[in-house]
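Under our numbering, the first residue of the sequence shown is numbered 38, with each subsequent residue one higher.
Beta carbons: idealized from backbone N, C-alpha and C, even for Gly.
Step one of this worksheet: look at the structure below.
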Amino acid sequence: CLPLFLRDKYDYRLDTNDFMSLLPHLLMGVLLLVAGTLADWLRNSEVLTTTHVRKYFTCGSFISQGILIVLAGHLNSANGSLLCLIIATGLGAFAWAAFSANLLDLAPQYASGLMGLSNTFASIQGYLSPYLIFYVFGDVIMENWQHLFYITM
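As structure tokens, then:
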């Protein structure tokens with residue numbers, strides 16, 4: 038939906054700038070290393086318990102992502118909105134550092150299958166959302182994008 042949002046609201050073609058398409062995932066990859074290392078340090082130095090690290094990382098990540106997504110819908114600048122969405126995607130690394138190890142704790146012998154199954158269900162919304170947007174909103178206008186970002190949050 039990001040290319041549709043940028044095209045409809047700002048007349049910005051994301052497909053002409055490959056680096057901007059890469060940047061959210063690149064930032065997440067870098068922040069995954071930071072988040073994992075920070076989580077391990079917080080646990081090993083006994084600053085926080087495992088439960089607290091996971092709760093703080095997950096909640097902090099999801100709350101900041103929600104705020105940035107809503108902010109992106111209200112900004113009048115393509116670069117500002119894109120920056121908010123890039124940072125929001127990158128901050129997802131802290132949630133990944135928190136909940137991805139949970140499957141190993143719950144069922145170590147089935148963790149790979151459970152991760153595949155959970156990622157399948159988590160990815161379904163990404164495939165269906167462009168179709169649902171047009172079904173729910175019809176013609177996507179700027180105000181509808183703001184509503185969509187509130188629903189996403």
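task: Can you say whether I123 is buried or exposed, counting buried as having 16 or more other CB atoms within 10 angstroms of its CB?
output: Buried, because 16 or more other Cβ atoms sit within 10 Å of the Cβ of I123.
Using the C-alpha atoms, what's the distance from N139 back to L151?
The alpha-carbon atoms of L151 and N139 are separated by roughly 11 Å.
Along the alpha helix (DSSP H) that carries T87, what are the first and last residues, could you check?
Element bounds for T87: T87 to H111.
Notebook entry, point to check: Taking the C-alpha atoms as reference points, what is the distance between I170 and F186?
Noted result: Cα-Cα distance, rounded: 11 Å.
(message) I need the DSSP call for V84, collapsed to helix, strand or coil.
(response) V84 sits in coil when the DSSP states are folded into three classes, being neither helix nor strand.
Per DSSP, what kind of secondary structure is D55 in: helix, strand or coil? Helix at D55.
Outcome for R50 when other beta-carbon atoms lying within 10 angstroms are tallied against a minimum of 16
Exposed, because fewer than 16 other Cβ atoms sit within 10 Å of the Cβ of R50.
From C121 to L108, what does the alpha carbon distance come to, in whole angstroms? Rounded to whole angstroms, the gap between the alpha carbons of C121 and L108 is 7 Å.
Worksheet entry | Cβ-based burial, S160 [other Cβ within 10 Å; buried from 16] | Note on S160: under 16 other CB atoms within 10 angstroms of its CB, so exposed under the neighbour-count rule.
Rounded distance between the beta-carbons of R80 and F136, thought under 8 Å
Contact between F136 and R80 fails: their C-beta atoms lie close to 15 Å from each other, not under 8 Å.
- Item | Inter-residue spacing [alpha-carbon to alpha-carbon] between M65 and G129 | Within the model, the alpha-carbon separation for M65 versus G129 is close to 7 Å.
- Query: Hey, how far is the Cα of N113 from the Cα of L165?
  - Reply: Roughly 27 Å separates the two Cα atoms.
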